[in-house]
Every structure is written in C-alpha cells, then in structure tokens.
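Data block below; observations after.
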C-alpha cells in the first residue's frame, strides 16, 4: 500500500509542476511576443487606439524628451503603421506595415529570422526593404531577395502602390500577429502622406514588463500636466490594454492552475490517508502494547506521521524527477505541438523557476501532512485491552 501512496503523491506532484510550468510558459512566451511586436507601453492618438488607420502624432524633440523623462522609461522609439496588401502575380495577403527608424531595437526579430537579414532602416538614403513573416511569405510564394508590390487603399483616395525588396523572413509561432511587416519609417510616412514630423506613436520600453500598467499611468500623468501642444489627445496604453482579449485569456489559465492543484492535492491526500489508515490497522496490536506500556497517543501518532512523511518525501522526489524530465524534453525537443490558430503558439511552452518549483513542493507536502492529522487521530480510538487480544 505504501508503494501505491508513493506513486499517487509522485503523479500528483508531477502533474502540478508540469501544469504550472506550462501555464507560466504560456504567460511568458505570449507576453514576450506581444511586447516584441509592439512594446510594453505605446503612446498614440487616443482617437485611433482601435481604428483601422492610425492618426498622426507630432514627433518633436521636446515631446520625445518629455516621454524619456518619465521615471522608468528606458527607451522611446517612433513608429508609423499603415494597413496594406502585399501582392505577387499569384497571391495577395493583407498586412500591417510598420515603419521604424534607426533607434529601433531589432533583438526580438533578430533571434527569429528564418531566412535573409533584417531590413536597413534609418540610413541617410531611404531604403525600400521589407521584413515579412515566414507565414505571409509562404502564402505569397516569395523568399528573401524577391520583390513584392504593396497596395494601399484609404477611403475614396486613389490607391497607392509601391514595390519593396524582401530582405528577410521571421517566424514567431504566433500567426495572430504575423501579419506585420517591417520597413523604414520614412516609407510609411510617405505612403500615409505625412511629413517627417508625424508618426503613429512611440514605443516605450522599460526594464520589467510587469510594470507596464504602472508606467502607462505615469506617462499619462506627465501628458496631462504638460503644456506642450503635442500632447493634446495623446494617451499611453499598456500592452495589456491594447490587447485585452489576449491577456484576459491568459488570466483564465490561473483558474485552471488552481483547479489542477486542488484536485491533485485532494487525490494525493485521499491515497495517503488510505495508506495511513491501513498502516494503523495493520499495527493495532503494536499500538495496544505501546499504550499498555504507557506511551501517550500523541507520541504514537507522531510515529505514524513520520512514516507518512517518509512516504510523501519519496513521492515528492519521484514527482520532481518526472516533472523535471518532462519539462526538459519539451523545452529541448518540442514534442508537443499546438495549432497556432487556436493557441497563438505552435508548441507547448514551459517555464521553470526554482522559486515557484520549491514553493509547490513545500506547499503540497505541508498540505498533505496537515490533512493527515485527521486519520492519524484514529490512534486515540484504539483501546489497549482490545488491541492486545487481536491476533
């Protein structure tokens, strides 16, 4: 019976650890990729937050200085966005063309290049290079080095056309956001009919992404207190406010994690309680002899709780080994795949941290042992005279 209890605890602990690793992995990967496509905080025209076409914001040195002066802002980079269609002879696909300048941090896309190179931006001469997602390139049948035509339609205006050279392809595993193409800021400004002093907004970066909401509030306070005309109608929004559906979906996983942990602790407890009761019943005669010799109930209970703690410890050890192996295999070989259309990621992510891993172990062991005080109290009901007579 003790082996069954060890297996039960091991399975329960392994399921809890793997479930948390996957949930935290989802949060980490989705947040990192959302921030990689945009930024922790964006400063944009308030009337164009959810509009199909962005509205211009004044890009002046004093406005940028105001943004950089806010405590927590490490970098502020301008960008411009325009919706368009990438077209080849055989196919077409809608994209959001994002223009950036030389101050843009390419580290996110540099680590996800699948072909070619990053586009040149911010040079003295405007370049017409384009970074496309591998998904879009596959639909269009193009590769790095090929040329594509882009078509832009805005209201009753005459459609604008332009040709770009595909400098490289990227892949993030998030099809929902891979309809973004990147190019030089000046290309988007020209296609939008804007001057060099007009942009869609600013990407603000900070050290800890978890502080994005706080930073957005601080930037909004600075904008409200400012007398600059550039701040009229401009607001700061965090990545969570810009994409609420995605982050609400991630929060729903917290409930799933709590349910999994509660169920697994309950399973481990009932199996351990059964094992402990069987241990007590199997040693009824021994308990009677110990009581007849004057040993107190609490000391006898302690003996069985020590035995239960040993079983729980073995279960924790095997559960940790199993969970660690499963997480390593998934992180190394990506054995479990996902449908990006439904889960936003192409593979099951895992995130392991010594802090929460140890916390789960301690909490699970503490909860199981605390609950085992109930069946351990059965020792007090055993009468020495009846127990000694038991064969």
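In full-length UniProt numbering, the protein residues as written are 1 to 391.
Every residue gets a Cβ at the ideal spot worked out from N, C-alpha and C, and that includes glycine.
Given residue i, which residues of its chain have a CB within under 7 angstroms of its CB, disregarding the five upstream and five downstream residues?
i, result
"residue 64", "76"
"residue 238", "40, 41, 212, 213, 216"
"residue 108", "36"
"residue 78", "59, 101, 185, 199, 202"
"residue 91", "139, 140, 141"
"residue 48", "54, 55"
"residue 19", "257, 260"
Tell me which residue opens and which closes the beta strand (DSSP E) that residue i is part of.
i, result
"residue 149", "147-152"
"residue 42", "41-45"
Since residue i is in the alpha helix (DSSP H), which residue starts that stretch and which ends it?
i, result
"residue 240", "239-242"
"residue 306", "297-333"
"residue 365", "354-371"
"residue 7", "2-37"
"residue 219", "212-225"
"residue 288", "284-292"
CA-CA distance, residue i and residue j?
i, j, result
"residue 316", "residue 3", "13 angstroms"
"residue 275", "residue 379", "14 angstroms"
"residue 46", "residue 211", "21 angstroms"
"residue 24", "residue 5", "28 angstroms"
"residue 116", "residue 13", "45 angstroms"
"residue 234", "residue 179", "26 angstroms"
"residue 177", "residue 83", "13 angstroms"
"residue 205", "residue 221", "17 angstroms"
"residue 352", "residue 21", "6 angstroms"
"residue 288", "residue 9", "30 angstroms"
"residue 296", "residue 302", "10 angstroms"
"residue 157", "residue 334", "48 angstroms"
"residue 134", "residue 162", "21 angstroms"
"residue 382", "residue 282", "12 angstroms"
"residue 118", "residue 251", "34 angstroms"
"residue 170", "residue 106", "12 angstroms"
"residue 307", "residue 272", "11 angstroms"
"residue 146", "residue 51", "31 angstroms"
"residue 365", "residue 324", "18 angstroms"
"residue 125", "residue 87", "25 angstroms"
Spatial neighbours of residue i within its chain, please: CB distance less than 6 angstroms, with the 5 preceding and 5 following residues excluded, ordered by chain position.
i, result
"residue 261", "16"
"residue 231", "223"
"residue 305", "376"
"residue 130", "164, 166, 181, 183"
Taking the DSSP output, what are the residues bridged to residue i?
i, result
"residue 383", "DSSP output for residue 383 lists no bridge partner at all."
"residue 236", "43"
"residue 347", "337"
"residue 204", "41, 76"
Spatial neighbours of residue i within its chain, please: CB distance less than 8 angstroms, with the 5 preceding and 5 following residues excluded, ordered by chain position.
i, result
"residue 120", "127, 129, 167, 184"
"residue 28", "349, 351"
"residue 254", "23"
Can you list the beta strand (DSSP E) stretches of 3 or more residues lying completely in the stretch 155-202, in chain order? 160-170, 180-184
Mind listing, in chain order, the continuous alpha helix (DSSP H) runs of no fewer than 4 residues lying wholly within the stretch 55-140? List check, alpha helix (DSSP H) in window: 61-68, 107-110, 134-140.
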